[in-house]
């Protein structure tokens, strides 16, 4: 695979609901390219279409118009069985409400995607144990989700998203249900994934996630209205922000 | 608020506001008498990456001033292999000052009024788009937030210096939320025109 090529790209993407006077353009002519290893945050007020966009990018919903390419495959009209297979292999999803299976242990939750895509139980278990270690929860492997804190549940969900070595991790408000210190846990993990070259696309209200992404896209009324790279810049010094210098 | 009273007003240039460090040094001495370098090490631990801007000289200059003001006293302790070292301890007046400081509830002022009025004035005069001003400010604060957040993540988990950086992060986050509200307000004001 050519590493220069985007792992995810959308062109003229639209999603419309209803018709006539009740027509809603949830996503209105959006184009986006995500390079391998890049972290992109998409922000905007509630109802601006950012979650719908994420679902389109993840092949969970079909666009009304536009083209969509994931890991060098056109997916906007791909038949559902093939799309489901590609989704399992190339994407990892992280949701606000974690979506863990309550009856399964942390380890069993993490190995599930690998088992579903036909990896041998032994290999799946090995990989799951390794991922739990990566997210710092190897000592919670046998716990049920109900025995874990919010931050820990989201870390298990992130480990699960990584189970099949996805080209892109898509996250929808991953810190939306978390307090400040659990948010820090997730941020720490995202930074680590980013450093390891994992491509990340995050839809979020959380300024802390937005501020640590490579690229920040603002959406309003279904469209991209602003795009910024946040690295560098002329920020006030940390000492000044902490109130140590006048 | 404690009165600055007899303490000199002028601070060494290019360093911390010693108004803060002053009270902190006194409070650190309330537990036990210490060497200057011990105080310096305590501050460095609490400040983490922010300690870089704190220069050694300032701690000693401040200690000297506090001594002159009668809030602490020092004595020389001989060392066999090195020059003598000063040990500092609180005086009763210093102890009183520490107690006042701990009870003091004054808080660094958040200052939305100036920016708010800037947007109002810009809109009234038709000089500039308030939404643009808010968006530009937002970008500036986001860069700062990113910087502070990365610094916080680089500190060891659960460390006291990470807690300080979390404070910087959460404050910037609150400012950003307000800027978003500003952009929303002025955007709808524009549409209603």
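Chains as they are written, first to last, in our numbering: chain A, 8 to 253; chain B, 535 to 727. Just so it is clear, CB atoms sit at the ideal spot from N, CA and C, and this is done for glycine as well. Every value quoted in this text rests on a predicted model; they were computed, and no experiment measured them.
Any idea which residues DSSP pairs residue i with across the strands?
i	result
residue 3/A	Residue 3/A falls outside the range modelled here, since chain A spans only 8 to 253, and no answer is possible.
residue 156/A	Its beta-bridge partners do not exist; DSSP assigns none.
residue 724/B	Paired residues: none, contrary to the question.
residue 99/A	176/A
residue 76/A	16/A, 81/A
residue 568/B	622/B
residue 35/A	21/A
residue 606/B	624/B
residue 235/A	223/A
residue 611/B	619/B
residue 230/A	227/A
residue 41/A	15/A
Distance check for residue j and residue i, CA to CA, integer angstroms please.
i	j	result
residue 144/A	residue 186/A	19 Å
residue 706/B	residue 212/A	14 Å
residue 720/B	residue 214/A	20 Å
residue 715/B	residue 140/A	41 Å
residue 204/A	residue 697/B	28 Å
residue 189/A	residue 158/A	4 Å
residue 541/B	residue 557/B	At residue 541/B the pLDDT is 45, less than 50, meaning the model places this residue with poor confidence; the figure from the coordinates comes in the next sentence. The alpha-carbon atoms of residue 541/B and residue 557/B are separated by roughly 12 Å.
residue 222/A	residue 565/B	49 Å
residue 34/A	residue 168/A	25 Å
residue 133/A	residue 172/A	14 Å
residue 8/A	residue 703/B	Caution is warranted here: a pLDDT of 48 is assigned to residue 8/A, below 50, making its placement in the model unreliable, and no coordinate value can be reported.
residue 119/A	residue 56/A	30 Å
residue 546/B	residue 20/A	Caution is warranted here: a pLDDT of 42 is assigned to residue 546/B, below 50, making its placement in the model unreliable, and no coordinate value can be reported.
residue 607/B	residue 575/B	20 Å
residue 567/B	residue 616/B	20 Å
residue 641/B	residue 562/B	21 Å
residue 207/A	residue 216/A	11 Å
residue 130/A	residue 191/A	31 Å
residue 666/B	residue 713/B	11 Å
residue 596/B	residue 555/B	8 Å
residue 233/A	residue 218/A	14 Å
residue 609/B	residue 637/B	29 Å
residue 690/B	residue 138/A	21 Å
residue 12/A	residue 46/A	15 Å
residue 603/B	residue 611/B	22 Å
Give me the residue from the options with the minimum Cα distance to residue i.
i	options	result
residue 581/B	721/B, 727/B, 695/B, 707/B	695/B
residue 605/B	583/B, 623/B, 614/B	623/B
residue 96/A	34/A, 23/A, 125/A	125/A
residue 44/A	245/A, 127/A, 247/A, 200/A	200/A
residue 679/B	34/A, 245/A, 166/A, 11/A	245/A
residue 22/A	47/A, 83/A, 46/A, 11/A	83/A
residue 193/A	231/A, 101/A, 88/A, 66/A	101/A
residue 49/A	226/A, 25/A, 94/A, 163/A	226/A
residue 229/A	12/A, 54/A, 29/A, 11/A	54/A
residue 247/A	576/B, 585/B, 563/B	585/B
residue 235/A	598/B, 717/B, 597/B, 676/B	676/B
residue 79/A	98/A, 115/A, 47/A	98/A
residue 176/A	165/A, 184/A, 182/A, 67/A	165/A
residue 127/A	170/A, 163/A, 160/A	170/A
residue 629/B	712/B, 601/B, 614/B	601/B
residue 115/A	148/A, 89/A, 25/A, 51/A	148/A
residue 123/A	93/A, 104/A, 138/A, 105/A	93/A
residue 732/B	555/B, 658/B, 645/B	Nothing can be reported for residue 732/B, as the shown portion of chain B is limited to 535 through 727.
residue 103/A	12/A, 180/A, 237/A, 156/A	180/A
residue 738/B	598/B, 603/B, 627/B	Residue 738/B cannot be examined here, being either before or after the span of chain B that is shown, 535 to 727.
residue 183/A	26/A, 137/A, 121/A, 58/A	58/A
residue 645/B	578/B, 579/B, 708/B	708/B
residue 686/B	613/B, 662/B, 583/B	583/B
residue 105/A	231/A, 156/A, 32/A	156/A
residue 66/A	251/A, 195/A, 89/A	89/A
residue 701/B	711/B, 611/B, 710/B, 682/B	682/B
residue 52/A	251/A, 237/A, 210/A	210/A
residue 64/A	237/A, 174/A, 29/A	174/A
Considering only heavy atoms of the ligand ADP, does any lie closer than 8 Å to the CB of residue i?
i	result
residue 629/B	This structure lacks the ligand ADP; in fact it carries no ligand of any kind.
Fill in: Inter-stretch contact at 8 Å, needing at least 3 Cβ pairs: the segment 36-43 of chain A / the segment 12-25 of chain A
yes
Practice prompt. Taking 8 Å as the threshold, find out whether the segment 589-600 of chain B comes into contact with the segment 563-576 of chain B through three or more Cβ pairs.
Written response: yes
Worksheet item: Should the segment 60-80 of chain A be regarded as contacting the segment 142-158 of chain A, the criterion being three or more beta carbon pairs within less than 8 Å?
Response: no
Item to complete: Please name the residues in the segment 584-615 of chain B whose beta-carbon is closer than 7 Å to at least one beta-carbon of chain A, in chain order.
Response: 584, 587
Discussion item. Using a Cβ distance threshold of 8 Å, determine whether the segment 100-114 of chain A contacts the segment 72-86 of chain A, with at least three qualifying pairs required.
Written reply: no
Worksheet item: With contact counted as at least three CB pairs below 8 Å, one residue from each stretch, are the segment 675-694 of chain B and the segment 626-634 of chain B in contact?
Response: no
Fill in: Interfacial residues, the segment 189-203 of chain A to chain B, with Cβ spacing under 8 Å
191, 194, 195, 198
Worksheet entry | Against chain A: residues of the segment 678-693 of chain B by CB proximity under 8 Å | 678, 679, 680, 681, 682, 683, 684, 685, 686, 687, 691
Worksheet item: Between the segment 204-218 of chain A and chain B, which residues of the former have CB atoms less than 7 Å from a CB of the latter, in chain order?
Response: 214, 215, 217, 218
Practice prompt. Residues of the segment 628-642 of chain B with a CB closer than 9 Å to any CB of chain A: list them in chain order, please.
Written response: 642
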